[in-house]
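According to the working numbering, the sequence shown holds residues 1 to 136 in order. Worksheet: one structure, shown below.
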Amino acid sequence: MRRTIQTGEGKGMRVLLVEDSEFIRTQFLRLFEGLAFVEVVGYADSEEDAVQAIPALKPEVVLVDLNLQVGSGMHVLSRARRGGYTGKLWVLSSRDPDFYRSLCEKHGADGFYDKAHDQLKLLDDLRVLAGEKPVF
């Protein structure tokens with residue numbers, strides 16, 4: 001089920017969250033809440049909804065759960081790239097990063113984040129991408 005939401009004032013980096021766990025989705029929404037440089041424009045909880053939401057919502061960054069209950073996060077990556085999406089595709093996963101990182105790259109991912117441990121790194125990278133923080 002795709003939902004359109006808005007966490008910012010329409011001025012931040014447009015982010016689509018593809019996550020089927022309501023608990024984890026809520027945690028990420030709370031993480032982004034109140035940040036001027038991030039605007040969560042919607043979420044999808046299945047492969048098909050994600051593939052439809054990307055062109056409809058035009059996010060600059062799509063955060064994709066690798067292990068969706070309905071469909072595959074890996075397929076979301078491939079289908080988004082084949083569909084012409086040129087923004088950032090960042091994977092959220094609790095799977096082994098050593099194995100899955102390169103596999104995700106082959107399918108079009110630009111980044112890989114451990115759901116439990118990389119939340120601050122994710123925020124930091126979003127700040128850099130939004131131009132809020134310089135890269136040195």
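C-beta atoms are modelled at their ideal positions from N, C-alpha and C, and glycine is treated no differently. On a predicted model such as this, the values are computed, not experimentally measured, just so you know.
Using alpha carbons as the reference points, say which of the options lies closest to residue i.
i	options	result
residue 20	112, 107 and 93	93
residue 120	64, 89, 27 and 12	27
residue 110	117, 118, 101 and 116	101
residue 78	71, 108, 87 and 52	108
residue 70	126, 42, 18 and 14	18
residue 82	99, 67 and 106	106
residue 159	76, 24 and 33	Only positions 1 to 136 of the chain appear in the structure, and residue 159 is not among them; the question remains open.
Along the chain, where does the alpha helix (DSSP H) containing residue i start, and where does it finish?
i	result
residue 131	Per DSSP, residue 131 belongs to no alpha helix (DSSP H) and is neither H nor E.
residue 30	22-32
residue 101	97-106
Between which residues of its own chain and residue i is the CB-CB distance below 6 Å, once the five residues before and five after are set aside?
i	result
residue 122	113
residue 30	none
residue 125	none
For residue i, count the other beta carbons within 10 Å of its own beta carbon; 16 or more makes it buried, fewer makes it exposed. Which is it?
i	result
residue 80	buried
residue 39	buried
residue 47	buried
residue 148	The chain is shown from 1 up to 136; residue 148 falls before or after that span and cannot be answered.
residue 135	Any reading at residue 135 is ruled out, since the residue's pLDDT is 44, under 50, leaving its predicted position unreliable.
residue 56	exposed
residue 53	buried
residue 50	buried
What are the boundary residues of the beta strand (DSSP E) that includes residue i?
i	result
residue 93	88-93
residue 12	Taken as a continuous stretch (DSSP letters only), residue 12 belongs to no beta strand (DSSP E), as it is neither H nor E.
residue 114	111-114
Check whether the Cβ of residue i sits closer than 7 Å to any heavy atom of the ligand ZN, and report yes or no.
i	result
residue 90	The ligand ZN is not among the ligands present in this structure, which contains no ligands whatsoever.
With a threshold of 8 Å on Cβ separation, who are the neighbours of residue i within its own chain once the five nearest residues in sequence on each side are excluded?
i	result
residue 130	12, 13, 37 and 38
Counting only runs that start and end within the segment 27-84, where is the beta strand (DSSP E) found for 3 or more residues in a row?
38-44 and 61-65
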